[in-house]
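Reviewing the structure listed below.
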Amino acid sequence: MTAAEGRTAPDEPPPTDAAALRSRTLRRHRGPIALGAFFLSLHQLCEVLVPVAIGLTIDLAVATGDVVALAWCVGGLALLFTVLALAYRTGARLTLGVAEREAHLLRLESAHRVLHPHGERSGLRSGEILAVATSDADQAASYARAWAIGIGQVTAIVATTVVLLSIDVPLGLGVLVGLPLMLLALRFPAARITRRTEDKQATAARATAVATDLVGGLRVLMGIGARRDAALRYREVSDRALTASVGAAASNGVYTGLVTAAGAVFLACVAGASGWMALQGRLTVGELVIVVGLAQFLAEPIKGLGLVGQLFAIAKASARRMVRLLGAPDAVTPGDRVLPLPAAEEDPSDEPILVLRGAGHRTLGDVDLTLRRGELVGVLTTDPRDAEALVDLLSGRANESRGATTVGGIPIEELDLASLRRTVLVEEHGVSLFEGTLRSNLVTGSDHDETRLMTALEAAAATELVDGHPDGLDRPVRDRATDLSGGQRQRVALARALAADPPVLVLHDPTTAVDAVTEEAIAQGVATLRAARGGATLVIASSPALLARADRVLVLREGRIHAEGTHTRLVEDDPHYREAVLR
């Protein structure tokens, strides 16, 4: 196993720019790249020696009629082709392996960055992140392979020049001067390829993001009759991606044509010059064969360098997009204090476990809120943005908030993120379930207690998922739980949160996809279970069933708390509250 294989992506520091990412690629695969470049160079050297061997055979064996010399020449050619084939096979395997390993490491880094507890602020949507972690990772990784290929092509050109110089100095000097000038001129269209490729990758990523959103919300779109509008939106984005892809392909095609044409002109010049020298008697027949053969062969490394230029341009564009994700700043900047919060039965005090004092964030004004052990508090918001802002505050994602939020007496921004997550569990409205089994979607941490899981399912009114299936808790669940209804997915997510049994549980609209009878059962189950375990619960919802079970309800309107009381009193005294919850 190489050093690059043994390292995991998270061990590497994040690159600061595209150049740093490309340099790091070369550093962490320097061994295989060097070996690959050596064998590809050996292959190219053997390619150069093929016309040399044929020319020598003509001069030393065919022209003289020496049978022994002919046998030696044929044996040498056989050995030369054997080395040529094995060198290419070994070099190609090494360089392709480097590209695949680097792409794998980049995908690991992308996953690690996206799944990091601190989050990321790249501004990329989920579909764009998918494109970066797949297509861009592959293309950025090709940079390492391009270097090895380029070294092999340069070796071929240098070896050809040396042979030509040994045959005729002016001819060799012509190749030595003319080739760098031609390659320098080909650098200018390569910059255009970089720009076109970056645009193509960006528009393709946006199209992927829109497609991901449409697939995820297809049922909703069909339900509200917006399928046609969504299809038109995707068509527009897809057309832009197509235009960018065609533009990039055109640039690549023009560049390839220029490289081929330049190689052909260069070949014609060398062949013409050598033919004139042969007519002048300056070259033997064998030397003419060598020169013409090398001139023909020289077109291949020239085209190869053109391919390397394309690979460099494409890798540069993809590296920029990779760095945007890998180098993105954290969404959350936590502290390092650990919360030594005892279990509910060990701490009978009435001190608040969660306190918001003058906490404002986004649409929220200065909000004051306290939550004690065993207490169930409801929050009714008239604006969904207020609910989302409150969820951000309670989950520790609001670094720029005003006021103070404390958990167990410690400011939330000073808490270690893992400690905060163990203490305050925020179950957001958007449900995330994964392929596996019902049990694997319910289990949190190392606690696999089946009794605890069944108790949580019962409180979430979801026991029929177990009772109605022969595999029980081990019933299979498809990717994103597409084999479950919206209400079933919501109840499984709620059961998972209840099974975790955190000291503070925040639920955001946990029953919007269930019927009224099931909602009533869930409200009773949640209230009973959380009270029995002494956990503090905050429910952000407009469900009268849930709010009726709350010890008190806060009415959040226009970013501020306008009323507080029991559900019954607020229904009687507050017409806005009554209108919002009674449906």
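Here the sequence shown is numbered in our numbering, starting from 1001 and rising by one per residue. We put the CB at the ideal spot given by N, CA and C, even for glycine.
Give every residue of the same chain whose Cβ lies closer than 6 Å to the Cβ of residue i, excluding the five residues on either side of it in the sequence, and list them in chain order.
i       : result
Ile1167 : Glu1287
Val1571 : Arg1578
Ala1551 : A small fix is needed here, since residue 1551 is Asp in this sequence, not Ala. The residues are Glu1375, Leu1376.
State the beta-bridge partners of residue i as determined by DSSP.
i       : result
Thr1381 : Leu1556
Thr1537 : Leu1376, Leu1505
Glu1109 : DSSP output for Glu1109 lists no bridge partner at all.
Val1526 : DSSP lists no partner for Val1526.
Leu1415 : Arg1337
Ala1563 : Val1555
Ile1410 : Val1407
Ile1477 : A small correction: the amino acid at residue 1477 is Val; Ile does not occupy that position in the sequence shown. In the DSSP output, where bridge partners are listed per residue, Val1477 has Gly1436.
Leu1354 : Leu1371, Val1407
Ser1451 : A small correction: the amino acid at residue 1451 is Thr; Ser does not occupy that position in the sequence shown. Per DSSP, none; premise fails for Thr1451.
Around the C-beta of residue i, are 16 or more other C-beta atoms found within 10 angstroms, so that it is buried, or is it exposed?
i       : result
Pro1015 : buried
Glu1345 : Here Glu1345 scores only 48 on pLDDT, less than 50, and its place in the model should not be relied on; the value that follows carries that caveat. When all chains shown are included, Glu1345 counts as exposed.
Arg1027 : exposed
Trp1276 : exposed
Gln1490 : buried
Gly1123 : exposed
Glu1100 : exposed
Val1443 : buried
Asp1483 : exposed
Gln1139 : buried
Gly1253 : exposed
Ser1432 : exposed
Glu1109 : buried
Phe1312 : buried
Arg1093 : exposed
Glu1520 : buried
Arg1206 : buried
Gln1280 : exposed
Glu1464 : exposed
Gly1055 : buried
Taking residue i as part of the alpha helix (DSSP H), name the residues at either end of that continuous run.
i       : result
His1361 : Element bounds for His1361: n/a, residue is neither H nor E.
Thr1370 : No alpha helix (DSSP H) contains Thr1370, which is instead part of the beta strand (DSSP E) from 1367 to 1371.
Pro1334 : Premise fails: Pro1334 is in no alpha helix (DSSP H) and is neither H nor E.
Ser1142 : 1137 to 1167
Trp1486 : The displayed chain sequence assigns Gly, not Trp, to residue 1486. Run containing Gly1486: 1486 to 1500, per the alpha helix (DSSP H) assignment.
Arg1121 : Premise fails: Arg1121 is in no alpha helix (DSSP H) and is neither H nor E.
Ile1302 : 1285 to 1326
Asp1467 : 1464 to 1467
Arg1022 : 1018 to 1028
Val1581 : 1575 to 1581
Gly1127 : 1126 to 1131
Pro1014 : Premise fails: Pro1014 is in no alpha helix (DSSP H) and is neither H nor E.
Leu1546 : 1544 to 1548
Mind checking which residues open and close the beta strand (DSSP E) that includes residue i?
i       : result
Thr1406 : 1404 to 1407
Val1426 : 1424 to 1427
Starting from the Cα of residue i, find the closest Cα among the options and give me that residue.
i       : options                            : result
Asp1471 : Gly1408, Arg1089, Gly1436          : Gly1436
Gly1408 : Pro1340, Pro1301, His1469          : Pro1340
Gly1091 : Asn1252, Gln1153, Thr1025          : Gln1153
Cys1046 : Arg1022, Trp1072, Tyr1088          : Tyr1088
Leu1035 : Gln1139, Ile1058, Ile1149          : Ile1149
Ala1545 : Ala1527, Thr1082, Leu1484, Gln1296 : Ala1527
Lys1316 : His1116, Ser1251, Glu1464, Asp1136 : Asp1136
Thr1382 : Val1355, Leu1390, Leu1376          : Leu1390
Arg1022 : Ser1318, Ala1249, Ala1230, Val1163 : Ser1318
Leu1181 : Asp1229, Val1083, Gly1263          : Gly1263
Leu1538 : Glu1428, His1469, Arg1439          : Glu1428
Gly1365 : Leu1070, Glu1558, Leu1084          : Glu1558
Asp1330 : Ala1063, Val1492, Ala1278, His1112 : His1112
Pro1384 : Pro1476, Asp1509, Gly1309          : Asp1509
Leu1105 : His1118, Met1322, Val1050          : Met1322
Val1163 : Asp1515, Trp1147, Val1289          : Val1289
Asp1449 : Leu1415, Arg1496, Asp1467, Ala1053 : Arg1496
Val1504 : Ala1069, Arg1452, Thr1566, Thr1406 : Thr1406
Gly1378 : Ser1542, Ala1020, Val1132, Gly1065 : Ser1542
Which same chain residues end up closer than 7 Å to residue i when comparing Cβ atoms and leaving out the 5 residues on each side of it in sequence?
i       : result
Gly1486 : Ala1513
Val1098 : His1029, Pro1032, Ile1033, Gly1036, Ala1144, Arg1145
Val1236 : The sequence shown places Glu at residue 1236, not Val. Around Glu1236: no qualifying Cβ.
Thr1155 : Ser1041, Gln1044, Leu1045
Asp1501 : Arg1533, Gly1535
Arg1478 : Glu1435
Ala1387 : Thr1381, His1508, Ile1540
Ignore the nearest five residues each way along the sequence and tell me which others in residue i's own chain have a CB closer than 8 Å to its CB.
i       : result
Glu1120 : Arg1113, Val1114, Leu1325, Ala1328, Pro1329, Asp1330, Ala1331
Leu1173 : Leu1165
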